[in-house]
Amino acid sequence: MSTPLAIRPDAVDIVAPLIRGAYLPSARRVTARSPRSHRRAVYRLAEYCRREMGYALQYGYDGEEDDPDHVAFLWPHPEAVGASGTFRVPCVGAACFRLRDHGWALQWVWMHPYFRRHGLLSGEWPALVWEFGAFAVEGPLSHAMTRFLAKSAHPGDVV
Numbered sequence: 304m305s306t307p308l309a310i311r312p313d314a315v316d317i318v319a320p321l322i323r324g325a326y327l328p329s330a331r332r333v334t335a336r337s338p339r340s341h342r343r344a345v346y347r348l349a350e351y352c353r354r355e356m357g358y359a360l361q362y363g364y365d366g367e368e369d370d371p372d373h374v375a376f377l378w379p380h381p382e383a384v385g386a387s388g389t390f391r392v393p394c395v396g397a398a399c400f401r402l403r404d405h406g407w408a409l410q411w412v413w414m415h416p417y418f419r420r421h422g423l424l425s426g427e428w429p430a431l432v433w434e435f436g437a438f439a440v441e442g443p444l445s446h447a448m449t450r451f452l453a454k455s456a457h458p459g460d461v462v
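Whatever position you read off the sequence shown (first residue = 1), add 303 for this note's numbering.
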């Protein structure tokens, strides 16, 4: 009998929304048709972004997002990548793209402070550029995001 996956207790002593789902990739795609628990997790992380950065809340209340064209992403705890749907795992980051008149725009990104500068966003960046093209990045931007965009040679505009 194999031992079930267990994330180290010291690694999850964080406040983070929990989700369950079949095989968890490094970033889970969330749309208006995704399970409500996934949309709620995006909402909670958007709340954390609002609290930390002082921006307006940029996701539908309690996961009731009314933009059918939005595409959000959830990053599960790095130790949970590849886990089965049997386990509930903490989400440590989220991002949200919106379709605008000029094309796709990255509206916001937030990562738990413990997991910043660990390559979670940069690991997904090529896939995001492939999917959304030269998407715009909406401001205001944190200093960390400004540095990230300069380092990644982002092909889109900052608006």
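For each residue, glycine too, the CB sits at the ideal point set by N, CA and C.
Where residue i falls, given that 16 or more other Cβ within 10 Å makes a residue buried
i    : result
L348 : buried
H373 : buried
S425 : exposed
Y417 : exposed
Residues near residue i by beta carbon distance below 7 Å, same chain, minus five either side
i    : result
C394 : A319, P320, I322, A344, L348, L377, W378 and P379
DSSP three-state assignment for residue i, whether helix, strand or coil
i    : result
A349 : helix
P381 : helix
Anticipated Cβ contact below 8 Å, residue i with residue j, distance rounded
i    : j    : result
G442 : V461 : 6 Å
Y346 : Y364 : 7 Å
F435 : F400 : 6 Å
A383 : F390 : 7 Å
Min CB distance residue i to chain B below 7 Å
i    : result
D365 : Judged by its chain identifiers, the structure shown contains no chain B, having just a single protein chain.
Residue i - containing alpha helix (DSSP H), residue span
i    : result
P429 : L423 to F435
L360 : Careful: L360 lies outside any alpha helix (DSSP H) and carries neither H nor E.
L452 : H446 to S455
8 Å CB neighbourhood of residue i in its chain, flanking five on each side removed
i    : result
L444 : L452 and V461
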